[in-house]
Amino acid sequence: MNRILIIGAGQAGLQVAEALRKRGYGGALCLIGEEAWPPYQRPPLSKQYLAGDFADERLYFRPLGHYTKLNVDLRLATRVTALDRAARQVTLASGETLAYDGLALTTGTRVRPLPVPGADHPAVCYLRGLADAQAIKSRLAVARRVVVIGGGFIGLEVAATARARGCDVHVVEALDRLMARVMPPVVSDFFANLHRGHGTQLRFGAQVTAIADTASGVAVRLQDGTALPADLIIAGIGVLPNQELAAAAGLTCSNGIEVDEFACTSDPVIVAAGDCTWHRNRLFDAPHRLESVQNAVDQAKVAAASLLGQRQPYADLPWFWSDQFDVKLQIAGLSAGHDQCVVRGAPTPAGFSVYYFKAGRLLAVDSLNRPADHMLARRLLSAGTAVTPAQAGDTACDLKSLLTAA
Ligand code: FAD
2 MNRILIIGAG QAGLQVAEAL RKRGYGGALC LIGEEAWPPY QRPPLSKQYL
52 AGDFADERLY FRPLGHYTKL NVDLRLATRV TALDRAARQV TLASGETLAY
102 DGLALTTGTR VRPLPVPGAD HPAVCYLRGL ADAQAIKSRL AVARRVVVIG
152 GGFIGLEVAA TARARGCDVH VVEALDRLMA RVMPPVVSDF FANLHRGHGT
202 QLRFGAQVTA IADTASGVAV RLQDGTALPA DLIIAGIGVL PNQELAAAAG
252 LTCSNGIEVD EFACTSDPVI VAAGDCTWHR NRLFDAPHRL ESVQNAVDQA
302 KVAAASLLGQ RQPYADLPWF WSDQFDVKLQ IAGLSAGHDQ CVVRGAPTPA
352 GFSVYYFKAG RLLAVDSLNR PADHMLARRL LSAGTAVTPA QAGDTACDLK
402 SLLTAA
């Protein structure tokens, strides 16, 4: 291979480029991103970046000179508009075409738009990229009343930051508890108490019907007739995979660009990695899509190896984190499909963990202010160590000793 293009200059795109060079690829390498900045970290956008003085440059993974050293042609503010697989070339928004003999799609996701009348009101913001974070940050400096629509990770992180900055904050959630898609009631309740304890108002089972101007300014209207006045409305209701380029070129897509355990698409010279993929991981029976730094990094390494014909299956344990006020939530493994969960320790801010099992087999562990539990959980899960629900729930049981016993 002599000409590799990477579409999407985010976490996964950068990792593909670095992994290719690390594996000895010496050919032409072009990393194309539609955003104006070199690859940067998104996690701080809803956390430290919004909270205070945090220069944009601190978000960048690497200084610009790094790309020159790596001999990577980094094209920023450049959108790829079409992919022609037969001709093995892509078209840029400028009309320029670039040929490839190997291609990586690392296009990430975009925010799901709020599907209600008035959603295009200027008071409504979303958070995916640095431009969004810059806009929210400057509005937070003057906003008093903030309504966050969506009680998931990003909505809650933004809510915590806005509250810490002194705003009156309402979180509006359609389901009956926080982070209900991925967390058990014990964790949802813990976070509900945490946010309420800091003075945030939470509304569950609340359907937003419109964003509308009222006599006292813009308001979020709910199905029960309530109107929540707001200076700033932040919608965090999930994301959609950027798969249109791939789908239009005939690559198989579902909830993401479909790739096998080698990060290969249905075209042998095209790989994909990161948030945009519906992928397989050897540790799990079913394919899935993940939105996490771990997946972007580890899957990108697999994708780079595949481009060079050095195939290695994806078999890395998923992990994730979220920071809300002074609580760090860390997740190891995937809890989907669990039939039992066991709490280790009392659910207080001092810290506790939740162990998930399916048919007695450990699937995942959520740790709250328990970094040592999290690191141990990653080792236990990666090694496939047998842990029983009784052992997990017994704080007197040294789970570390199970590792050495195995
Ligand atoms: P992205 O980082 O989204 O990069 C994709 C890039 O491709 C984008 O820059 C996009 O503009 C570009 N692109 C798309 N289409 C085109 C095109 N046609 N032409 C050119 N460029 C294109 N994960 C965690 O594990 N922990 C956290 O605490 C956490 N917090 C987060 C907080 C926020 C606010 C956000 C937004 C995400 C957070 N995440 C977190 C998720 C994590 O940041 C993502 O999983 C990760 O960035 C995915 O990397 P990626 O490279 O797949 O996609």
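Heads up, the sequence shown is in our numbering, so the first residue is 2 and it goes up one at a time.
Glycine included, C-beta positions come from ideal geometry on N, C-alpha and C.
| Item | Value |
| --- | --- |
| Span of the beta strand (DSSP E), counted from its first residue to its last, around V343 | 341-345 |
| Secondary structure of I7, DSSP reduced to three states | strand |
| Extent of the continuous beta strand (DSSP E) run through T82 | 81-85 |
| Exposure label - V143; buried when at least 16 CB within 10 Å | exposed |
| Residues of its chain near L49, where Cβ-Cβ distance is below 8 Å and the 5 sequence neighbours each way are ignored | In the sequence on display, residue 49 carries Gln and not Leu. Once the five neighbours on either side are set aside, the close Cβ partners of Q49 are F55. |
| Closer than 7 Å: N243 CB and nearest the ligand FAD heavy atom | yes |
| Span separating the alpha-carbon of D102 from that of A391 | 54 Å |
| Range covered by the beta strand (DSSP E) that runs through P372 | No beta strand (DSSP E) holds P372; the alpha helix (DSSP H) holding it covers 372-384. |
| Endpoints, the alpha helix (DSSP H) within which I137 is located | 131-141 |
| Three-state class that DSSP yields for A273 in the structure shown | strand |
| Reduced DSSP secondary structure (H/G/I, E/B, other) of A69 | The sequence given here has Thr at residue 69, not Ala. Helix. |
| Through-space distance from A136 to A301, alpha-carbon basis | 30 Å |
| Residue interval of the alpha helix (DSSP H) (run including F358) | No alpha helix (DSSP H) contains F358, which is instead part of the beta strand (DSSP E) from 353-359. |
| Spatial distance of L241 from W322 (CA atoms) | 20 Å |
| Exposure label - L65; buried when at least 16 CB within 10 Å | exposed |
| Distance CB(A250)-CB(R76) smaller than 8 Å | no |
| Where the alpha helix (DSSP H) containing V149 begins and where it ends | Element bounds for V149: not the alpha helix (DSSP H) but the beta strand (DSSP E), 146-150. |
| Three-state secondary structure assigned by DSSP to K48 | coil |
| Bridge-paired residues (DSSP) for K329 | D324 |
| For V173 and N194, the rounded distance between their alpha carbons | 15 Å |
| For S402, the residue or residues it bridges with in DSSP | The partner list for S402 (beta bridge, DSSP) is empty, contrary to what the question assumes. |
| Residue of V188, F205, L128, L51 minimising C-alpha distance to A165 | L51 |
| Cβ-based burial, S139 [other Cβ within 10 Å; buried from 16] | exposed |
| Closest residue to G119 among D214, L128, A231 (Cα-Cα distance) | D214 |
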